[in-house]
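Q: A single structure is presented below for examination.
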Amino acid sequence: MQVDGAATAWILTATALVLFMTLPGLALFYAGLVRVKNALSVMMHCVAITCLISVLWLAVGYSLSFSGGSSWIGDLSKAFLLTTTKDSVTGKLPETVFFMFQMTFAIITPALIVGAYVERIKFQAVLMFSALWSLIVYAPVCHWVWGGGWLQQMGVMDFAGGLVVHATAGVGSLAIAVLLGHRDGFPKDIKPPHNPGMTMIGAGMLWVGWYGFNGGSALAADGGAGMAITVTHLSAATAGLVWAGLEWVRFGKPSMIGMVTGVVGGLATVTPASGFVGPLGGVILGASGAVVCHFAVEFVRHRAKVDDSLDVFAVHGVGGVLGTLLAAVLASAALGGGGYAANAGSMGAQLVVQLAGIGATMLWSAVASVAIVLVVKATVGLRAPPEHVDDGLDLTQHGERAFTP
Amino acid sequence: MQVDGAATAWILTATALVLFMTLPGLALFYAGLVRVKNALSVMMHCVAITCLISVLWLAVGYSLSFSGGSSWIGDLSKAFLLTTTKDSVTGKLPETVFFMFQMTFAIITPALIVGAYVERIKFQAVLMFSALWSLIVYAPVCHWVWGGGWLQQMGVMDFAGGLVVHATAGVGSLAIAVLLGHRDGFPKDIKPPHNPGMTMIGAGMLWVGWYGFNGGSALAADGGAGMAITVTHLSAATAGLVWAGLEWVRFGKPSMIGMVTGVVGGLATVTPASGFVGPLGGVILGASGAVVCHFAVEFVRHRAKVDDSLDVFAVHGVGGVLGTLLAAVLASAALGGGGYAANAGSMGAQLVVQLAGIGATMLWSAVASVAIVLVVKATVGLRAPPEHVDDGLDLTQHGERAFTP
Amino acid sequence: MQVDGAATAWILTATALVLFMTLPGLALFYAGLVRVKNALSVMMHCVAITCLISVLWLAVGYSLSFSGGSSWIGDLSKAFLLTTTKDSVTGKLPETVFFMFQMTFAIITPALIVGAYVERIKFQAVLMFSALWSLIVYAPVCHWVWGGGWLQQMGVMDFAGGLVVHATAGVGSLAIAVLLGHRDGFPKDIKPPHNPGMTMIGAGMLWVGWYGFNGGSALAADGGAGMAITVTHLSAATAGLVWAGLEWVRFGKPSMIGMVTGVVGGLATVTPASGFVGPLGGVILGASGAVVCHFAVEFVRHRAKVDDSLDVFAVHGVGGVLGTLLAAVLASAALGGGGYAANAGSMGAQLVVQLAGIGATMLWSAVASVAIVLVVKATVGLRAPPEHVDDGLDLTQHGERAFTP
Amino acid sequence: MKLIMAMVKPFALEPVRLALSAVGVEGMTVSEVRGYGRQKGHTEVYRGAEYVVAFMPKVKIETVISDDQVDAVVEAIRGAANHGKIGDGKVFVIPVEQAVRIRTGETGAAAL
Amino acid sequence: MKLIMAMVKPFALEPVRLALSAVGVEGMTVSEVRGYGRQKGHTEVYRGAEYVVAFMPKVKIETVISDDQVDAVVEAIRGAANHGKIGDGKVFVIPVEQAVRIRTGETGAAAL
Amino acid sequence: MKLIMAMVKPFALEPVRLALSAVGVEGMTVSEVRGYGRQKGHTEVYRGAEYVVAFMPKVKIETVISDDQVDAVVEAIRGAANHGKIGDGKVFVIPVEQAVRIRTGETGAAAL
Ligand SMILES: Nc1ncnc2c1ncn2[C@@H]1O[C@H](COP(=O)(O)OP(=O)(O)O)[C@@H](O)[C@H]1O
Ligand SMILES: Nc1ncnc2c1ncn2[C@@H]1O[C@H](COP(=O)(O)OP(=O)(O)O)[C@@H](O)[C@H]1O
Ligand SMILES: Nc1ncnc2c1ncn2[C@@H]1O[C@H](COP(=O)(O)OP(=O)(O)O)[C@@H](O)[C@H]1O
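Residue numbers (our numbering), protein chains in the order written: chain F, 21 to 425; chain D, 21 to 425; chain G, 21 to 425; chain Y, 6 to 117; chain L, 6 to 117; chain W, 6 to 117.
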């Protein structure tokens with residue numbers, strides 16, 4: 021097939037935008053939420069994951085996800101891109117562009133999990149966990165949903181990663197948070213975010229970058245991409261308002277952290293649906309995402325008493341799953357959506373497929389994540405020693421300090 | 021008409037760039053200029069305006085601006101984009117892309133006004149003022165100039181928003197600054213910008229994003245867009261040098277805040293002219309914009325004694341108006357410009373049209389802004405209570421602090 | 021020739037990305053590495069260089085680089101773009117787009133040199149040095165390599181600026197660092213980076229922006245651009261891992277500053293080769309760049325005892341030269357590369373050409389930079405007075421402070 | 006000589022500085038601190054979780070004065086920093102045995 | 006009255022605050038400081054260069070108490086901040102002549 | 006024992022630290038402060054507006070020493086921080102009644 025120059029131009033840009041989401045976007049978003057003595061360690065996690073996963077993606081990750089293979093996992097035919105040249109084509113794009121765009125998704129997914137284990141993890145554990153997780157959780161699920169695997173064959177709808185990115189990362193976060201144990205003092209005596217402004221900058225970058233994430237998932241520069249960024253943006257905006265509104269009613273004041281958390285929740289929620297719904301669908305996804313994630317945060321923290329420290333499961337996991345379900349409803353042409361996959365056909369049938377996708381993704385993510393964490397714990401160890409935690413990971417794990425007067 | 025893929029790719033990007041100008045660009049630019057106790061509140065204003073205006077734009081703003089309607093205002097035929105699909109086309113673009121690109125302009129315009137009322141406003145007032153202002157000031161003027169309204173019919177030249185964005189925001193700022201009253205201690209005992217580095221980051225983002233703002237206004241990926249970013253950049257660069265030079269001569273030292281203020285002034289000035297002039301036109305716009313805005317800042321503050329705190333009128337309003345006038349001169353083919361609109365024809369005729377546009381825009385912005393502020397004052401109230409102002413808006417209005425050790 | 025819309029869309033974007041590398045990317049990367057009392061001055065250097073070089077580029081820089089002229093230097097036929105219109109075309113792009121894209125390279129090159137002279141230079145010297153250097157070093161070398169000059173005629177391979185950008189800036193840095201003298205206390209009593217987080221943000225922006233730098237140098241939205249960003253990214257990622265690994269082995273801890281320094285070293289190293297090699301080539305460039313630059317930093321500082329304060333020569337100069345050499349090896353089709361220029365033909369022949377390019381570029385950069393520095397010293401002076409250095413350049417040269425409580 | 010150490014609300018710094026100038030105090034040193042007293046700190050809510058922030062931002066003003074200035078100085082600070090609100094702050098008086106101006110070597114009251 | 010000035014490790018602040026509350030201390034002021042003592046600072050390595058960072062981050066806690074509280078307060082601080090590690094910190098006792106509550110004008114022990 | 010409290014220019018910190026080490030001072034605490042004295046602050050101009058910044062950045066060095074060290078210490082600080090320029094700073098000497106090393110419980114001079 022012929023390469024489409026316009027699509028290529030847009031996906032090159034989208035790739036830059038999604039990398040920008042992780043570096044420096046997510047790094048800032050997360051670093052602002054921890055204590056100052058651990059801020060650099062969080063940034064370091066994001067940078068290190070970016071480097072590590074990129075090389076793994078070249079080595080085997082891309083091939084496991086997107087080479088032919090079975091319904092369950094790809095093969096190694098594309099390992100190290102040995103057979104890919106400038107002229108290789110995937111769909112309407114040069115294969116290198118497709119490879120890079122997908123790589124940025126493979127990077128940000130384990131980077132999201134950073135939020136679960138901040139302020140207490142050993143750096144070795146971050147590296148080993150992320151590497152194994154990327155190959156054992158991300159690559160297969162990516163293959164199932166986008167790489168021609170069994171869920172794609174069933175017609176599952178996941179436009180930009182409600183399952184592949186957010187559900188996997190959310191469940192992985194829960195697993196590692198439980199097995200790693202909570203921060204000292206959790207839940208009563210923990211400290212507020214050290215730098216909400218940093219979190220705002222990160223959230224702004226995530227929002228802008230998400231145009232590339234969802235809009236780029238159209239793999240074309242057309243009305244599909246346009247509609248995707250439209251619903252993405254409207255979901256984010258609505259969710260920000262709703263979350264801040266909930267805070268205003270419940271706690272007397274709308275906070276900036278709350279509003280940007282809502283924005284991110286809205287973005288996560290709209291992600292799987294962003295290619296299938298219309299503008300009002302975006303508003304509905306944002307509003308419901310904000311409400312559900314808002315209470316999920318409290319449920320995880322206060323009921324389940326799990327220290328998923330920066331709420332990765334409650335915001336990304338729950339949002340992604342919710343959006344995956346709602347996609348099946350809001351895609352209905354009657355509701356302004358784009359209709360259903362041929363092999364599903366009706367809202368009911370699609371819902372069943374979506375539930376299968378959610379169930380399989382969460383189950384596999386849970387089982388595999390737990391196994392990976394146990395292996396990491398048994399080998400390099402999981403938790404930094406108490407003195408390291410006391411003095412902060414920046415100084416003790418990386419020999420650096422966030423500010424020197 | 022057929023969608024142009026290349027134009028679509030570029031306007032998708034430009035949309036991301038203009039959103040980036042507001043979040044986190046403008047939020048940082050402004051937050052660095054206030055005291056640390058109000059820094060988060062300024063960021064919160066920018067985030068909240070982004071969320072709120074986005075939803076309003078979907079609801080009615082876009083329709084009032086860009087549906088057919090009368091010469092004065094659009095109708096509600098495009099409200100909620102109910103009739104827009106992936107396949108709807110506007111010019112060479114998918115309508116969703118046009119909708120989104122224009123939305124980012126609708127967002128940043130009231131966000132610019134934040135600079136007028138920082139450090140003393142109630143958060144409720146920000147929301148109510150911005151919502152009303154967007155519908156009553158922005159939407160009509162946008163319709164007049166870009167949506168087929170009477171100014172467009174007269175052939176007014178406003179490529180990317182000298183009137184629609186900068187003149188309206190500037191006048192709105194003056195209105196609210198006067199009616200809200202000055203910060204305590206103004207003009208003698210106010211505190212210097214708490215974080216000029218933050219302002220620099222924001223200015224850098226604004227500069228980069230402005231490529232999307234002016235270059236995107238070509239609505240095509242062609243030489244027109246190329247010339248627009250060329251003149252935009254040259255105006256910014258020249259204005260930065262001139263402003264810093266003025267400081268060097270007048271105060272003995274060129275400051276970074278001064279240089280980036282010049283850059284922003286140059287960007288505002290070139291905006292209306294950016295599709296009509298040549299490279300030297302950009303230099304002239306930048307130089308004149310820097311000189312005029314530089315002294316306008318002092319005039320507003322020291323003569324008029326208005327606490328338009330971050331100089332929105334003097335930089336954006338004055339720059340936008342100046343550029344709108346100079347566009348009529350520098351568009352002259354003899355001066356390297358692109359010539360005049362068919363229905364104006366000569367420099368003289370064009371100048372008359374530009375003056376009409378400036379007069380009408382400023383008058384309507386002034387009258388309507390004053391009315392809106394009075395309504396806000398009479399309902400939710402305008403000024404935060406003195407204790408809130410003393411302790412800072414971050415803690416008192418949003419329950420957050422910029423830094424926790 | 022006909023303008024290619026897709027290429028135009030991508031190069032417009034790439035231009036924004038490369039400007040973003042300097043502002044705010046490089047400004048943050050560098051500012052985080054100095055002491056807080058000089059942080060704003062570093063940012064100011066970056067902003068001022070951006071403004072100044074832009075105007076000079078319009079005036080004569082572009083014409084000297086890219087107009088016909090001789091093998092040694094262009095002429096003034098394109099000065100002030102007097103003959104360029106919207107409709108002028110260069111290759112597949114509107115000439116304005118090509119002009120702007122190249123301008124961003126002309127900006128960042130002298131801005132890189134800022135790292136050599138931080139914390140002790142007079143602001144006048146920054147301006148005068150950068151202006152002269154841009155015309156006397158950058159423009160000719162750019163003409164030799166990309167503007168049809170003698171090195172291009174010989175078939176030198178420098179895809180995105182190993183010679184034109186990194187080698188020139190590296191050598192210029194060494195020259196000014198030696199002649200300016202070291203910071204007080206160098207090498208034993210200098211202070212650690214005041215804000216590594218700032219440096220991380222800058223590094224993230226540099227990484228993202230480098231997609232535009234190297235990917236844009238394809239001047240098309242095609243598989244060539246795709247392969248360029250692929251190898252660029254892989255080099256950066258590999259280099260980050262290798263540098264952090266070296267630190268881990270040698271000093272017991274991997275630091276964030278180390279990892280992002282590795283990333284930037286990998287990016288500099290891959291730059292000249294990025295259009296000629298395959299994915300594994302990118303990995304090899306990154307790994308070797310990290311190792312070589314890592315030890316070069318120590319060599320310059322501890323052996324040569326030159327206070328090239330932020331390691332511009334060791335990271336950019338050495339990386340760029342190394343990549344220029346390796347390009348000749350890794351371009352070999354046998355190694356997955358894209359093969360050689362017609363007029364070189366074999367690896368051996370190409371290596372000779374590359375060595376000629378490296379030799380000529382470094383020699384000219386050295387001679388001319390030394391001359392320029394001496395002229396600056398003799399006229400406006402080079403080093404800020406000791407009291408200014410003691411109290412910090414922010415306050416004494418620009419009258420500003422990085423933080424006001 | 007006495008060291009007057011006053012913890013006040015941040016926005017009271019400027020009025021206190023002016024009041025001190027008015028009573029002839031010619032030098033002082035200020036630091037950003039966090040304090041705790043009757044005003045017990047507050048609760049911040051982030052994402053629905055309550056964070057007890059025990060300390061409120063305060064400014065500590067330290068000025069060394071001669072013995073005969075003590076009453077005037079304490080009064081000046083009280084006058085400028087008293088808003089009748091909890092958390093307005095405190096003033097402590099601490100004996101000082103010697104003061105030296107680094108530049109000149111002057112000691113005692115001459116060094117203040 | 007005495008000013009108790011304690012320099013402790015940053016993470017010891019919260020335990021010390023609680024211990025002080027338990028012995029009836031109702032006000033205190035805290036600042037971020039850098040300290041140097043037996044614990045000599047450390048070396049940071051950036052890009053292969055060693056930077057001697059002489060000072061470690063500490064928190065300074067200042068609280069003015071009545072004379073009879075001194076032993077209990079010092080003991081409380083020791084109990085909460087002692088980890089048996091170098092750099093745990095020190096407590097100093099400094100005489101205070103007067104204390105004034107700005108809001109009410111109360112003086113002496115009543116002002117604490 | 007005495008508390009020596011010195012306010013000096015920030016870049017004088019390192020020389021002062023070395024000078025204090027040289028005369029046997031083994032512990033000190035440093036804070037970033039803002040000061041005001043003969044050196045009256047300065048005016049900053051942003052966008053043409055003058056901002057009076059009353060306070061200059063200073064570093065406060067606090068070290069508790071035994072009585073017999075006072076003269077040597079004050080001299081050491083003066084020697085290292087004196088540039089003959091306005092704003093070089095001041096040294097104050099304040100009585101200290103007790104010092105306790107948290108880790109060991111040592112008191113008095115042994116705790117310094
Ligand atoms: N005993 C004390 N020792 C040291 N600082 C104190 C003491 N009591 C109060 N402070 C300081 O004074 C500030 C105000 O005290 P607080 O009791 O809240 O005010 P008020 O007396 O006006 O009600 C505190 O935040 C703290 O910084
Ligand atoms: N003589 C002193 N004067 C002032 N502060 C001191 C003095 N000695 C120690 N300190 C402070 O106490 C902190 C801990 O002192 P250090 O000697 O390292 O601890 P330890 O006594 O537990 O070994 C130092 O970092 C410093 O802030
Ligand atoms: N009376 C004082 N009480 C407390 N601090 C003082 C006093 N006088 C001066 N200082 C501190 O010393 C610093 C230097 O004082 P200044 O009078 O400017 O210096 P110099 O005496 O060298 O002219 C001030 O910035 C302030 O921090």
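Just so you know, even glycine gets a beta-carbon here, dropped at the ideal spot from N, CA and C.
Looking at chain G, which residues of the region 396 to 421 of chain F have a Cβ within less than 9 Å of any of its Cβ atoms?
A: Residues 414, 416, 417, 418, 419, 420 and 421.
Q: Below 8 Å CB to CB, which residues in the same chain sit around residue 113(L) once its five sequence neighbours on both sides are set aside?
A: Along the fifth sequence, one-based indexing puts residue 113(L) at 108. So the qualifying residues of the chain are 6, 103 and 104.
Q: Mind checking if residue 317(G) is an interface residue toward chain L, Cβ cutoff 9 Å exclusive?
A: Here residue 317(G) refers to the residue found at position 297 when the third sequence is read from its first residue. It does; some Cβ of chain L falls within 9 Å.
Q: Along the alpha helix (DSSP H) that carries residue 82(F), what are the first and last residues, could you check?
A: By 1-based counting over the first sequence, the position of residue 82(F) is 62. 82 to 86 is the span of the alpha helix (DSSP H), which, as asked, contains residue 82(F).
Q: Can you tell me which of 121(F), 222(F) and 46(F) puts its alpha carbon nearest to the alpha carbon of residue 131(F)?
A: Locating residue 131(F) in the first sequence gives position 111, counting from the first residue. Cα-wise, what sits closest to residue 131(F) is 46(F).
Q: By the criterion of Cβ-Cβ separation under 8 Å, what are the contact partners of residue 213(G) in chain L?
A: Residue numbering aside, residue 213(G) sits at position 193 when the third sequence is read from its first letter. Near residue 213(G) (Cβ distances below 8 Å), the residues of chain L are 51.
Q: Could you check the C-alpha separation between residue 46(Y) and residue 25(L) for me, to the nearest Å?
A: For the purposes of this step, residue 46(Y) is identified with residue 41 of the fourth sequence, where counting begins at 1. For the purposes of this step, residue 25(L) is identified with residue 20 of the fifth sequence, where counting begins at 1. Answer to the nearest angstrom: the Cα atoms are 16 Å apart.
Q: Less than 9 Å between CB atoms is the rule here; does residue 331(D) satisfy it with respect to chain W?
A: Here residue 331(D) corresponds to residue number 311 of the second sequence, with the count starting at 1. By this cut-off, residue 331(D) is an interface position.
Q: In the DSSP output, what is residue 97(Y) paired with across the bridge?
A: Your numbering for residue 97(Y) matches position 92 in the fourth sequence. DSSP, once it has assigned bridges, lists 10(Y) and 104(L) as partnering residue 97(Y).
Q: Pull up the distance between the alpha-carbon of residue 90(D) and that of residue 164(D), whole angstroms please.
A: If you number the second sequence from 1, residue 90(D) lands on position 70. If you number the second sequence from 1, residue 164(D) lands on position 144. Each residue's alpha carbon lies about 9 Å from the other.
Q: Report yes if the C-beta of residue 24(Y) is less than 8 Å from at least one heavy atom of ligand 3; otherwise report no.
A: Mapped onto the fourth sequence, residue 24(Y) falls at position 19. Not so, every heavy atom of ligand 3 lies at least 8 Å from the Cβ.
Q: Going by the beta-carbon positions, is the gap between residue 41(F) and residue 254(F) smaller than 9 Å?
A: In the first sequence, residue 41(F) corresponds to position 21, counting from 1. In the first sequence, residue 254(F) corresponds to position 234, counting from 1. Their beta carbons are not under 9 Å apart, which means residue 41(F) does not touch residue 254(F) by this criterion.
Q: Would you list the one or two residues that DSSP bridges to residue 40(W)?
A: As a working note, residue 40(W) is residue 35 in the sixth sequence. Residue 40(W) pairs with 34(Y) and 61(W).
Q: Please confirm if residue 87(F) has its CB atom under 9 Å from at least one CB of chain G.
A: Position 67 of the first sequence, counted from the start, is the residue given in the question as residue 87(F). Chain G contact via Cβ: absent.
Q: Please indicate yes or no: does the CB of residue 12(W) lie closer than 8 Å to some heavy atom of ligand 1?
A: Walking along the sixth sequence from the start, residue 12(W) turns up at place 7. For ligand 1, not one heavy atom lies less than 8 Å from the Cβ of residue 12(W).
Q: Ignore the nearest five residues each way along the sequence and tell me which others in residue 127(G)'s own chain have a CB closer than 6 Å to its CB.
A: Counting from one through the third sequence, the residue named residue 127(G) turns up at place 107. These residues qualify, in order along the chain: 42, 70 and 73.
Q: Determine the DSSP secondary structure at residue 47(W), reduced to helix, strand or coil.
A: Taking the first residue of the sixth sequence as 1, we reach residue 47(W) at position 42. Strand, per DSSP.
Q: Please determine if the region 234 to 252 of chain G and the region 286 to 298 of chain G are in contact, where contact requires at least 3 C-beta pairs separated by less than 8 Å.
A: Segments in contact, yes.
Q: With H, G and I counted as helix, E and B as strand and the rest as coil, what does DSSP make of residue 330(G)?
A: Counting from one through the third sequence, the residue named residue 330(G) turns up at place 310. If DSSP states are grouped into helix, strand and coil, residue 330(G) belongs with coil.
Q: Tell me which residue opens and which closes the alpha helix (DSSP H) that residue 9(G) is part of.
A: No statement about residue 9(G) is possible, as the shown extent of chain G runs from 21 to 425 and does not include it.
Q: With a threshold of 8 Å, establish whether the CB of residue 68(W) neighbours any heavy atom of ligand 4.
A: Ligands in the displayed structure: ligand 1, ligand 2 and ligand 3; ligand 4 is not one of them.
Q: If we ignore side chains and look at the alpha-carbon of each, how far apart do residue 25(D) and residue 298(G) end up?
A: Residue mapping note: residue 25(D) aligns to position 5 of the second sequence, counting from 1. Residue mapping note: residue 298(G) aligns to position 278 of the third sequence, counting from 1. Cα-Cα distance, rounded: 29 Å.
Q: Could you tell me which chain L residues have their CB closer than 8 Å to the CB of residue 428(F), listed as they occur along the chain?
A: There is simply no residue 428(F) to check, as chain F begins at 21 and stops at 425 in what is shown.
Q: Cβ closer than 7 Å: which chain G residues qualify as neighbours of residue 37(D)?
A: The residue you call residue 37(D) lines up with position 17 of the second sequence. Those are 36, listed as they occur along chain G.
Q: Quick one: what's got a C-beta closer than 8 Å to residue 418(G)'s C-beta in the same chain, skipping five residues either side?
A: Position 398 of the third sequence, counting from 1, holds the residue named residue 418(G). Answer for residue 418(G): 60, 61, 64 and 143, listed in chain order.
Q: Do residue 85(G) and residue 29(G) count as a contact pair if the criterion is CB distance below 9 Å?
A: To locate residue 29(G), count along the third sequence from 1; it is residue 9. To locate residue 85(G), count along the third sequence from 1; it is residue 65. No, the Cβ-Cβ distance between residue 29(G) and residue 85(G) is not below 9 Å.
Q: Short check: CB of residue 416(D) to CB of residue 335(D), under 9 Å?
A: Locating residue 416(D) in the second sequence gives position 396, counting from the first residue. Locating residue 335(D) in the second sequence gives position 315, counting from the first residue. Against a cut-off of 9 Å, the Cβ pair of residue 335(D) and residue 416(D) comes out as no contact.
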